[in-house]
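Beneath this line is the structure, given in structure tokens, with notes to follow.
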Amino acid sequence: MYAKPNLVIEPLYDRWYAWAHLISPATAAMNVVGRHLKIMNSYIQSPQIHAAAVLNPKMLGGPFMDYKRSRVEDVKKLKNETVLKQDDLIRFAEAVFQLDNMLRAYAKGYSLEDLYPKVPDILKGYVELVYDLNNNPSFRFFESLLYKSEFYKKSSQSIALWETNNDERPFCLSTARLDEPNVLHVNIPFDHPGIEALGKIKRTPGSIDEIATMLSIKDADRKLFNSFFSQEEPQTYKKYDGPNVRMRYFGHACILIETKDISILVDPLISYYGYHSSVAHFSDIDIPDVIDYVLITHNHQDHILFETLLPLRHRIKNIIVPRTTSGALQDPNLKLAFNHAGFTNVREIDEMEEIKFHNCVITGIPFTGEHSDLNVHTKSCYHFAVDRFTFLFVADSRILEAKLYKHIHGIIGDVDVIFLGMECDGAPLSWLYGPLLTQELPRDKDHSRRLAGSNFEKGIHLIDIFHPNEAYVYAMGQEPWLEFISTVKYTDESNPIIQSNLLVTECINRGIIAERLFGEKEILYKYEGVHA
Ligand SMILES: [Fe+2]
């Protein structure tokens with residue numbers, strides 16, 4: 148038997164879509180309190196406001212639960228379970244507020260040593276108090292210790308199994324997954340080998356009984372569980388064995404580069420197949436049996452999808468993440484998060500650090516902006532050279548100061564192909580980082596600090612500096628299968644569309660091949676950098 152190609156293996160945390168901030172203990176605590184409980188309380192109080200808001204396109208991506216019918220009783224139940232189960236994490240989050248208040252009250256530039264007794268008990272031994280050079284007080288977590296403590300809640304992790312038949316899914320940061328007759332919840336942590344077994348049986352036939360035993364599926368759930376499998380042989384992946392470099396765009400920021408010898412996959416976000424979709428796309432069947440390197444650009448929910456990554460875990464030889472050492476609440480350590488999600492092959496990369504293999508070099512490139520001016524180190528663009536042929540993946544980096552990339556050009560030189568995200572409006576700071584704030588940010592400041600990528604004026608610097616032969620706008624969140632995570636719906640009048648049209652037109656006027664990618668794209672390149 149095979150698992151059906153449209154079987155979704157959805158990682159959840161307290162029944163909420165498990166994005167990276169729900170793995171790291173400190174950010175999980177803040178999101179349980181500042182996002183999940185807040186949204187659930189609001190829904191319980193006025194479900195009709197939520198029901199109306201999710202029908203309003205202007206409210207897309209807002210903090211509203213999106214259910215087909217009233218689920219007040221179920222949400223009350225989930226809230227009560229959360230309050231009971233997460234008692235310590237709730238107290239942890241309260242302590243973070245107290246710690247910040249204490250530092251604001253007492254840390255006035257004198258030694259911080261005397262303030263350690265004032266650190267809330269629950270945080271004692273998990274934080275170091277620091278100033279920056281201008282006497283602004285702050286603290287850092289010993290994050291690796293938090294993972295070893297009761298605050299790393301493996302018991303909150305689970306997976307939901309269900310078949311998808313269309314691309315419609317409620318916005319994942321605002322809607323918890325409640326019980327549904329067609330959804331099977333399996334209470335296993337993310338490092339459980341059963342997830343790999345489910346990933347494997349999508350391609351290689353196996354025994355349902357064995358997997359059911361591995362996942363401890365109850366007898367009463369076997370009928371539903373069995374329905375996720377079929378004898379129908381899936382389409383087979385044909386390994387690329389041509390003489391060229393093959394680039395395939397999978398949607399959003401997900402790009403696969405293959406030669407006959409190597410494969411790298413950037414920001415994996417793989418859609419399903421086996422159901423009708425209005426947009427042609429590559430999917431799981433187009434992913435190689437072995438992926439040499441997965442590259443992660445930054446810690447946003449649309450660039451790290453454990454839903455894609457966990458079932459691929461056994462096929463990934465190396466996973467590269469941007470390094471952080473800060474211990475700052477807003478900048479959780481990705482290596483730790485991946486290690487705890489069962490990845491044993493994680494390597495951190497620094498700015499301008501090179502990783503060489505076969506005839507390839509991966510270089511970490513500075514990534515600026517798109518993080519609301521928060522001090523976040525965990526972000527990297529990537530330069531990828533296969534032989535003499537070069538790609539630059541800029542992801543959502545906003546070119547704040549062109550000179551930075553001039554310095555980089557002085558080191559890496561011109562590139563053949565650039566991929567640039569141009570989601571240039573972006574959400575305000577509070578949309579993603581709000582639960583981490585311990586003081587409310589005034590609305591005008593919040594709206595000035597956005598999660599915005601480059602517009603035309605910023606993006607064109609890259610073209611001027613790196614002289615690419617080809618430039619592709621990507622990571623626009625437009626494909627229907629990722630609306631649940633990006634909540635983007637553009638029209639021709641939307642600024643990111645106008646700005647990226649300007650860039651594409653300008654490139655074409657300069658004789659550069661350019662396009663805004665959507666759905667799927669495949670290009671074969673000769674090693675000399677021209678189309679095969
Ligand atoms: Fe981003």
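Mapped onto this note's numbering, the consecutive letters of the sequence shown carry residue numbers 148 to 679.
Where a beta carbon is used, it is the ideal one built from N, C-alpha and C, also for glycine.
Keep in mind it's a predicted model, so treat the numbers as computed, not measured.
Considering only heavy atoms of ligand 1, does any lie closer than 7 Å to the CB of Glu517?
For the purposes of this step, residue 517 is taken as residue 370 along the sequence shown, with counting starting at 1. Distances taken from the Cβ of Glu517 to the heavy atoms of ligand 1 include one shorter than 7 Å.
Three Cβ pairs or more, each shorter than 8 Å: is that satisfied between the segment 560 to 578 and the segment 602 to 615?
The answer is yes - the segment 602 to 615 touches the segment 560 to 578, with three or more Cβ pairs under 8 Å.
Report the residue ranges of all beta strand (DSSP E) runs contained in full by the segment 616 to 668; include only those spanning at least 3 residues, in chain order.
Entirely contained in the segment 616 to 668, the beta strand (DSSP E) runs reaching 3 residues are, in chain order, 617 to 621 and 660 to 663.
Contact defined as beta carbons within less than 8 Å: I believe Lys151 pairs with Phe376. What is the distance between those atoms, to the nearest angstrom?
Translated into the one-based positions of the sequence shown, residue 151 becomes position 4. Translated into the one-based positions of the sequence shown, residue 376 becomes position 229. Their Cβ separation, rounded to whole angstroms, is 7 Å, which keeps Lys151 and Phe376 in contact under 8 Å.
Residue environment, Pro458, which counts as buried when at least 16 other CB atoms sit within 10 Å:
Taking the sequence shown and counting its residues from 1, one reaches residue 458 at position 311. Classification for Pro458: buried.
Whose CA, out of Gly474, Glu495, Val266 and Ala549, lies closest to the CA of Pro172?
Within the sequence shown, the letter at position 25 stands for residue 172. That would be Gly474, whose Cα lies nearest to the Cα of Pro172.
Just the C-alpha distance for Ile191 and Ala200, rounded to the nearest angstrom, thanks.
Position 44 of the sequence shown holds residue 191. Position 53 of the sequence shown holds residue 200. Pairing Ile191 with Ala200, the inter-Cα distance amounts to about 15 Å.
Give me the Cα-Cα distance between Asn188 and Val651, rounded to the nearest whole angstrom.
Counting from 1 along the sequence shown, the entry for residue 188 is found at position 41. Counting from 1 along the sequence shown, the entry for residue 651 is found at position 504. Across the structure, Asn188 and Val651 are spaced so that their CA atoms are roughly 45 Å apart.
Answer yes or no: do Asn465 and Tyr440 have a C-beta to C-beta separation smaller than 8 Å?
Locating residue 465 in the sequence shown gives position 318, where the first residue counts as 1. Locating residue 440 in the sequence shown gives position 293, where the first residue counts as 1. Their beta carbons are under 8 Å apart, which means Asn465 touches Tyr440 by this criterion.
Using C-beta distances below 8 Å, list every residue in its chain close to Asp213, excluding the 5 sequence neighbours before and after it, in chain order.
Here residue 213 corresponds to residue number 66 of the sequence shown, with the count starting at 1. Answer for Asp213: His197, Val201, Pro317, Phe318, Ser321 and Thr322, listed in chain order.
Integer Cβ distance of Ala175 from Leu236, believed to fall under 8 Å:
Here residue 175 refers to the residue found at position 28 of the sequence shown. Here residue 236 refers to the residue found at position 89 of the sequence shown. Contact between Ala175 and Leu236 is confirmed by a C-beta separation of about 7 Å, below the 8 Å threshold.
Determine the closest residue to Phe531 out of Val413, Glu626 and Ser418, with distance taken between C-alpha atoms.
One-based indexing of the sequence shown puts residue 531 at position 384. Relative to Phe531, the option among Val413, Glu626 and Ser418 whose CA is nearest is Val413.
Which residues in the same chain have their Cβ closer than 7 Å to the Cβ of Phe453, if we skip the five residues on either side of it in sequence?
Position 306 of the sequence shown holds residue 453. Pro158, Ala165, Phe337 and Ala488.
Ala542 and His445: beta carbons closer than 8 Å?
Mapped onto the sequence shown, residue 542 falls at position 395. Mapped onto the sequence shown, residue 445 falls at position 298. One thing to note: Ala542 has its Cβ within 8 Å of the Cβ of His445.
Among Val392, Ile364 and Tyr257, which has the Cα closest to the Cα of Tyr672?
Position 525 of the sequence shown holds residue 672. In terms of Cα proximity to Tyr672, the closest of Val392, Ile364 and Tyr257 is Val392.
Throw me the rounded Cβ distance for the Arg460 and Phe490 pair, which I believe falls under 8 Å.
Start at 1 with the first residue of the sequence shown, and residue 460 comes out as number 313. Start at 1 with the first residue of the sequence shown, and residue 490 comes out as number 343. About 6 Å; that satisfies the 8 Å criterion.
May I ask you to check if the CB of Asp543 is nearer than 7 Å to at least one heavy atom of ligand 1?
Stepping through the sequence shown from its first residue, residue 543 is reached at position 396. Indeed, a heavy atom of ligand 1 lies less than 7 Å from the Cβ.
Confirm the yes/no value for this check: CB of Leu598, any heavy atom of ligand 1, distance under 7 Å.
As a first step, residue 598 is located in the sequence shown; it is residue number 451 there, counting from the start. The answer is yes for Leu598.
Residues of its chain near Ile364, where Cβ-Cβ distance is below 6 Å and the 5 sequence neighbours each way are ignored:
In the sequence shown, residue 364 corresponds to position 217, counting from 1. In chain order, Phe372 place their CB closer than 6 Å to the CB of Ile364, counting only its own chain and leaving out the 5 sequence neighbours on each side.
Beta-carbon proximity list for His678, same chain, < 8 Å, skipping 5 on both sides:
Position 531 of the sequence shown, counting from 1, holds the residue named residue 678. Here the set comprises Ile670, Leu671 and Tyr672.
Counting pairs of beta carbons, one from the segment 577 to 597 and one from the segment 547 to 565, are three or more of them closer than 8 Å?
Because the criterion of three Cβ pairs below 8 Å is not met, the segment 577 to 597 and the segment 547 to 565 do not touch.
DSSP bridge partner residues for His686 (one or two, in chain order)
Outside the shown range of the chain (148 to 679) lies residue 686, about which nothing can therefore be said.
Alpha helix (DSSP H) segments (min. 4 residues) lying fully within the segment 173 to 260
Qualifying alpha helix (DSSP H) stretches, in chain order: 185 to 192, 194 to 200, 219 to 232 and 234 to 253.
For a quick check, are the C-beta atoms of Met119 and Ile355 less than 8 Å apart?
Since the first residue shown for the chain is 148 and the last is 679, residue 119 is missing from the structure and cannot be characterised.
According to the Cβ coordinates, are Thr455 and Ile402 closer than 8 Å?
By one-based count along the sequence shown, residue 455 stands at place 308. By one-based count along the sequence shown, residue 402 stands at place 255. Cβ atoms of Thr455 and Ile402: not closer than 8 Å.
Meets three-Cβ-pair contact criterion under 8 Å: the segment 240 to 247 and the segment 211 to 231
These segments do not touch.
Does the beta carbon of His445 fall short of 7 Å from some heavy atom of ligand 1?
Indexing the sequence shown from 1 puts residue 445 at position 298. At least one heavy atom of ligand 1 is nearer than 7 Å to the Cβ of His445, so yes.
Less than 7 Å between the CB of His450 and some heavy atom of ligand 1, yes or no?
Within the sequence shown, the letter at position 303 stands for residue 450. Within the cutoff, so yes.
Between Val562 and Phe540, which are expected to be in contact by the criterion C-beta below 8 Å, what is the C-beta distance as a whole number of angstroms?
To locate residue 562, count along the sequence shown from 1; it is residue 415. To locate residue 540, count along the sequence shown from 1; it is residue 393. Not confirmed; about 10 Å, so no contact.
Ranges of the alpha helix (DSSP H) found wholly within the segment 434 to 476, counting only runs of at least 4:
Within the segment 434 to 476, the alpha helix (DSSP H) runs of at least 4 residues that lie entirely inside it are, in chain order, 453 to 459.
Going along the chain, which residues of its own chain have a beta-carbon closer than 6 Å to the beta-carbon of Ile502, five neighbours each way excluded?
Locating residue 502 in the sequence shown gives position 355, counting from the first residue. Same-chain partners within the cutoff: Ile509.
Whole-angstrom distance between Leu598 and Ile632, CA atom to CA atom
Along the sequence shown, read from residue 1 onward, the residue named residue 632 stands at position 485. Along the sequence shown, read from residue 1 onward, the residue named residue 598 stands at position 451. A straight-line Cα-Cα distance of about 15 Å links Ile632 and Leu598.
Along the beta strand (DSSP E) that carries Arg596, what are the first and last residues, could you check?
The sequence position of residue 596 within the sequence shown is 449, counting from 1. Taken as a continuous stretch (DSSP letters only), Arg596 belongs to no beta strand (DSSP E), as it is neither H nor E.
Is it buried or exposed for Ala400, if we count other Cβ within 10 angstroms and need 16 for buried?
Numbered from 1 along the sequence shown, position 253 holds the residue referred to as residue 400. The residue in question, Ala400, is buried, as its Cβ has 16 or more Cβ neighbours within 10 Å.
So what's Arg287 in DSSP terms, helix, strand or just coil?
Here residue 287 refers to the residue found at position 140 of the sequence shown. In this structure, Arg287 counts as strand in the three-state DSSP scheme.
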